[in-house]
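Chains as they are written, first to last, in numbering that gives the first Met the number 0: chain H, 0 to 351; chain X, 0 to 166. Built from N, CA and C at the ideal position, the CB exists for glycine as well. Below: the structure, in structure tokens.
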Amino acid sequence: MLVGGGLGRTPYLGPTIRRSLPARHLLSYLQAILRVYNRHGRRDNLWKARIKVLVASLGAEEFARQVEEEWDRTDKAAIDLPDTELARIRAAFAPLGFQTLPRVSTVFEAARSEDRGLARFVRNNVVAHKIQGYAIVKIALKAPGETPGDCSAEQMDIVADLAERYSLDEVRVAYEQNLILPHVRLDEIPGVYQTLLAAGLATPNINLISDIIACPGLDYCALANARAIPIAQDIARMFADPELAEDIGELKIKISGCINACGHHHVGHIGILGVDKKGEEFYQLSLGGSGEDDAALGQILGPALPADRVTAAVDNLVAVYLRERHGAERFVDTFRRTGLNPFKEAVYADAH
Amino acid sequence: MPTLIRWRDGAASTDADPFARVDDDVPLPEGDVIVSLARFQREGDLLLSQQRRVGVVVEAGEAVESLAYDLPQISVVALAFPKFRDGRSYSAAMVLRTRLAYAGEVRAVGDVLLEQAPFMIRCGFDAFEPADGTTSDQWTRAGHRFRHVYQRAADALTPAFAERGAQ
Numbered sequence: 000m001l002v003g004g005g006l007g008r009t010p011y012l013g014p015t016i017r018r019s020l021p022a023r024h025l026l027s028y029l030q031a032i033l034r035v036y037n038r039h040g041r042r043d044n045l046w047k048a049r050i051k052v053l054v055a056s057l058g059a060e061e062f063a064r065q066v067e068e069e070w071d072r073t074d075k076a077a078i079d080l081p082d083t084e085l086a087r088i089r090a091a092f093a094p095l096g097f098q099t100l101p102r103v104s105t106v107f108e109a110a111r112s113e114d115r116g117l118a119r120f121v122r123n124n125v126v127a128h129k130i131q132g133y134a135i136v137k138i139a140l141k142a143p144g145e146t147p148g149d150c151s152a153e154q155m156d157i158v159a160d161l162a163e164r165y166s167l168d169e170v171r172v173a174y175e176q177n178l179i180l181p182h183v184r185l186d187e188i189p190g191v192y193q194t195l196l197a198a199g200l201a202t203p204n205i206n207l208i209s210d211i212i213a214c215p216g217l218d219y220c221a222l223a224n225a226r227a228i229p230i231a232q233d234i235a236r237m238f239a240d241p242e243l244a245e246d247i248g249e250l251k252i253k254i255s256g257c258i259n260a261c262g263h264h265h266v267g268h269i270g271i272l273g274v275d276k277k278g279e280e281f282y283q284l285s286l287g288g289s290g291e292d293d294a295a296l297g298q299i300l301g302p303a304l305p306a307d308r309v310t311a312a313v314d315n316l317v318a319v320y321l322r323e324r325h326g327a328e329r330f331v332d333t334f335r336r337t338g339l340n341p342f343k344e345a346v347y348a349d350a351h
Numbered sequence: 000m001p002t003l004i005r006w007r008d009g010a011a012s013t014d015a016d017p018f019a020r021v022d023d024d025v026p027l028p029e030g031d032v033i034v035s036l037a038r039f040q041r042e043g044d045l046l047l048s049q050q051r052r053v054g055v056v057v058e059a060g061e062a063v064e065s066l067a068y069d070l071p072q073i074s075v076v077a078l079a080f081p082k083f084r085d086g087r088s089y090s091a092a093m094v095l096r097t098r099l100a101y102a103g104e105v106r107a108v109g110d111v112l113l114e115q116a117p118f119m120i121r122c123g124f125d126a127f128e129p130a131d132g133t134t135s136d137q138w139t140r141a142g143h144r145f146r147h148v149y150q151r152a153a154d155a156l157t158p159a160f161a162e163r164g165a166q
């Protein structure tokens, strides 16, 4: 059980307060967590009235102790779901009607060795499925120069059709502002790819530098201090060459137009935060964050930059990475090894 | 005097409040009184020995558990909502009903709003001093806004999973 993580103006990684909990006790344990928070969380300051603030101020160990104490006093049988209800819920997630398929699809293998576009798409956008003969197809809504996460009604109709015909009626929306067809038979991937390509939906850049998360920013949002979308578009255009993007490899850029961090900038390999300096849009860069299993909060690179210097700064950061990287190291791995300095020097070189 | 709304057997009704709320620095009048937790801790033994009913106001930051020993003799526990978004008294009500098995009146006082009626009732409140001028008819309707519930709480509602099982 991880409690007290969150982004926004005070980002925290959630500490683990309990290593494991039987599924049947989930509700009573959650109630204990929320009761401790409700009774002891801060009320004097709206910004500090957060569970993450309570956990950080008590320390994870003390918070865990209070939760366990509360939980011990809880009438668990009254709160927890009976096994029959858990079984009913599980049945709603029963395995779908997967076919028994060969592990290798000759149709698929032949198509990807002939079509370099398909091969690239498969390298970046297709992930192995736990069921043999199936794959997960990710649809990047990140064509360079377009608004991250946007697609038209016509495109969405095409995706819905594909889901119905080739993905067991399922399409998912990912927090990365992309779509996912989770259950595609390998045999069908070449056809699905062709349909996506014709619809402008086959951008082969999942997890690459142009697969940028951006909040709506000042273009749409009343809270924003700065625009996020044009920054994302500029960066994606600069790295539109798929060869270059693939050479750079996994690099997650996340952009928020204000401190509320809807774009998750704290956990971007490169995070970009829009700030307002006397009515002008500035952007603060941070490096080394991750929202994956290697979760980390990014470190601020240096003083915020004006809008017209952001893309060049990203270019500088990438150049440092390409120069410093060892073997197959990702951007974030190189950063973790070298620290902030080489990156900082490159971006602020002309400031000296 | 604020309107007192009581919730009994699934319906709200308006009632005269027999209790006088007595501030800490005021001499105690005759009759039924509601006093602060601090005053109860000082004068509780005396009050409980007199021929009157006694209630205690527990502020949002105070631990309702500190009343545990005297609860059987306390007629009203009034739980305060300093602001509508300060939800500490919901937890206090749950603790009173489900952990301390308190069977007396649990009254919501302070910034008590109609929108919160269903939640307060679920947590075991059965008397309310609304701050928004709402009527008992409105409270009855609000108390029945949702027919089904997912979880057991301090009221008698049967959760959906148990209703399904009974079908």
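* Asked: Comparing alpha-carbon positions, which option in H:D74, H:T105, H:L185, H:E175 lies nearest Q131 (chain H)?
  -> H:L185
* Given a threshold of 16 other Cβ atoms within 10 Å of its Cβ, counted over all protein chains shown, does W46 (chain H) qualify as buried or as exposed? -> exposed
* To do: May I ask you to list, following chain order, the residues of the region 93 to 115 of chain X that have a beta carbon less than 7 Å from some beta carbon of chain H?
  => T97, R98
* How many Å lie between L112 (chain X) and Y11 (chain H) at the Cα? -> If you take the alpha carbons of L112 (chain X) and Y11 (chain H), they lie about 34 Å apart.
* If contact means a Cβ-Cβ distance below 8 Å, which residues of the region 146 to 160 of chain X contact chain H? -> Q150, R151, F160
* Can you check whether the CB of V57 (chain X) is closer than 7 Å to the CB of L78 (chain X)? -> yes
* Reducing DSSP to helix, strand and coil, say where Y282 (chain H) ends up. => strand
* To do: Could you tell me whether the Cβ atoms of I211 (chain H) and K137 (chain H) are closer together than 7 Å?
  => no
* Can you say whether P26 (chain X) is buried or exposed, counting buried as having 16 or more other CB atoms within 10 angstroms of its CB? => exposed
* So, helix, strand or coil for I32 (chain H), using DSSP? -> helix
* **Nearest candidate by alpha-carbon position, reference A22 (chain H), set H:I179, H:L85, H:K253** => If you compare the alpha carbons of H:I179, H:L85, H:K253 with that of A22 (chain H), the shortest gap goes to H:L85.
* Could you tell me which residues DSSP pairs with V309 (chain H) in its beta bridges? => Residue pairing by DSSP leaves V309 (chain H) without any beta bridge partner.
* Asked: Can you round the beta-carbon distance between A297 (chain H) and H263 (chain H) to whole angstroms, since I take them to be within the 8 Å contact cut?
  -> In the sequence as presented, Ala is not what sits at residue 297 (chain H); that position holds Gly. The Cβ separation is near 10 Å, so there is no contact.
* Can you give the Cα-Cα distance for R164 (chain H) and F83 (chain X), rounded to whole angstroms? -> 50 Å
* Asked: V126 (chain H) to I258 (chain H), Cα distance in whole Å?
  -> Going by the C-alpha atoms only, they are around 33 Å apart.
* Can N315 (chain H) and P203 (chain H) be called in contact, C-beta distance under 7 Å? -> no
* To do: For E84 (chain H), return the contacting residues in chain X, with the cut-off set at a CB-CB distance below 7 Å.
  => F160
* **D332 (chain H) classed as buried or exposed, judged by whether at least 16 other C-beta atoms fall within 10 angstroms** => buried
* Asked: By a C-beta neighbour count over all protein chains shown, 10 Å radius and 16 as the cutoff for buried, is A92 (chain X) buried or exposed?
  -> Its Cβ being crowded by 16 or more others within 10 Å, A92 (chain X) is buried.
* Asked: Using DSSP with H/G/I as helix, E/B as strand and the rest coil, what is Y347 (chain H)?
  -> In this structure, DSSP gives Y347 (chain H) a state outside helix and strand, which the three-state scheme calls coil.
* Could you name the residues that DSSP lists as bridge partners for S209 (chain H)? => DSSP output for S209 (chain H) lists no bridge partner at all.
* Going by DSSP, what residues sit across from G270 (chain H) in a beta bridge? -> H:K253, H:S285
* Rounded straight-line distance, which links the Cα of D114 (chain H) to that of A77 (chain H) -> If I take the Cα positions, the gap works out to 60 Å.
* Asked: Relative to the alpha-carbon of G338 (chain H), which residue among H:L300, H:I32, H:L243 has its alpha-carbon at the smallest distance?
  -> H:L300
* D125 (chain X) - DSSP class collapsed to helix/strand/coil -> coil
* To do: Starting from D156 (chain H), follow the alpha helix (DSSP H) in both directions and report where the run begins and ends.
  => 152 to 165
* Asked: Looking at C-alpha atoms only, which residue of H:Q154, H:Y347, H:V66, H:F342 is the closest neighbour of G199 (chain H)?
  -> H:Q154
* To do: Enumerate in chain order the residues of its own chain whose CB-to-CB distance from L156 (chain X) is below 8 Å, with the five nearest sequence positions on each side excluded.
  => R121, V148
* Asked: Does the distance from the C-beta atom of R236 (chain H) to that of P143 (chain H) stay below 7 Å?
  -> yes
* Pull up the DSSP beta-bridge partners for D14 (chain X), would you. => Under DSSP, D14 (chain X) forms a beta bridge with X:L3.
* Please go through the same chain and pick out, in chain order, the residues whose beta-carbon is closer than 8 Å to the beta-carbon of R119 (chain H), but skip the five residues on each side of it. => P203, P241, E245
* Asked: Any C-beta of chain X sitting closer than 7 Å to the C-beta of A77 (chain H)?
  -> Taking Cβ atoms only, chain X reaches closer than 7 Å to A77 (chain H), which makes this a yes.
* Neighbour list for R23 (chain H) in chain X, Cβ cutoff strictly below 8 Å -> Chain X residues near R23 (chain H): none, gap ~13 Å exceeds 8 Å.
* Is the CB-CB distance between A31 (chain H) and W70 (chain H) below 7 Å? -> In this structure, A31 (chain H) sits near W70 (chain H), with a CB-CB distance shorter than 7 Å.
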